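Letter by letter, the sequence shown follows residues 370 to 529 in the working numbering. Note that CB positions come from ideal geometry on N, CA and C, so glycine has one too. All values derive from a computational prediction rather than experimental measurement. To keep things clear, I will list the structure first and then write my remarks on it.
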Amino acid sequence: MNMHKYEKWWMLFGSGTLLIFLIVVGVSAFYMGSTPPYCATTLDPENVREHDSFQELGLKQLDDNEYSLTILASAFDYDVGNPEKVIEIPKGASVSIYATTTDVIHGFEIAGTNANMMLEPGYVSTNRYTFKNAGEYTLLCNEYCGVGHHLMAATIKVVE
Ligand code: CUA
Numbered sequence: 370m371n372m373h374k375y376e377k378w379w380m381l382f383g384s385g386t387l388l389i390f391l392i393v394v395g396v397s398a399f400y401m402g403s404t405p406p407y408c409a410t411t412l413d414p415e416n417v418r419e420h421d422s423f424q425e426l427g428l429k430q431l432d433d434n435e436y437s438l439t440i441l442a443s444a445f446d447y448d449v450g451n452p453e454k455v456i457e458i459p460k461g462a463s464v465s466i467y468a469t470t471t472d473v474i475h476g477f478e479i480a481g482t483n484a485n486m487m488l489e490p491g492y493v494s495t496n497r498y499t500f501k502n503a504g505e506y507t508l509l510c511n512e513y514c515g516v517g518h519h520l521m522a523a524t525i526k527v528v529e
């Protein structure tokens, strides 16, 4: 079979970019442990506040450096378990985040990190994030959810 040299270059370029893409995805998934947000757990959106998993909101220590962070979103508020809306997390902590919404869709985002997931009624969204740098982060809503959308915020303080 006779192939034009440009055709060969183009095939090489195509296979090369595919290979680079697979390496990037493979390294970030298997070596750096990056996983997409997960939302296979379902619950009754009408009674979220009565649900066992959402009785204790906020940060909870599970092990040496393992924490869970449970947050309930509603229009137009993030309930993090305290009226000050401040969550203190030790630097380097590995945090499993569990969140859901009692009403409409909200966009859970901790600005400046890749902890970013959509909260849908009836689903518990889960993500994992390690806070490597100390400082103050803002938990905000990045999905327009109504007139008070801009009011949805909480503060995450990563302390030494
Ligand atoms: Cu909640 Cu925008």
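Close CB contacts of His420 within its chain, under the 8 Å cut and outside five residues either way in sequence, are with Leu412, Asp413 (chain order).
Under DSSP, the beta-bridge partners assigned to Ser494 are Ala468.
Leu426 is classed as buried because its beta carbon has at least 16 other beta carbons within 10 Å across all chains shown. Here Asp421 carries a helix assignment [DSSP, helix/strand/coil]. Residue state for Phe500 is assigned as coil, using DSSP reduced to three classes. The criterion of a C-beta distance shorter than 7 Å is not satisfied by Leu520 and Tyr447. One alpha carbon belongs to Thr471, the other to Tyr492, and they sit about 10 Å apart. Out of Pro406, Glu505, Phe390, the CA that lies nearest to the CA of Ile456 is found in Glu505. Met487 has its CB no nearer than 6 Å to any heavy atom of the ligand CUA. If you ignore the 5 residues before and after Asn416, its C-beta comes within less than 7 Å of no other C-beta in its own chain.
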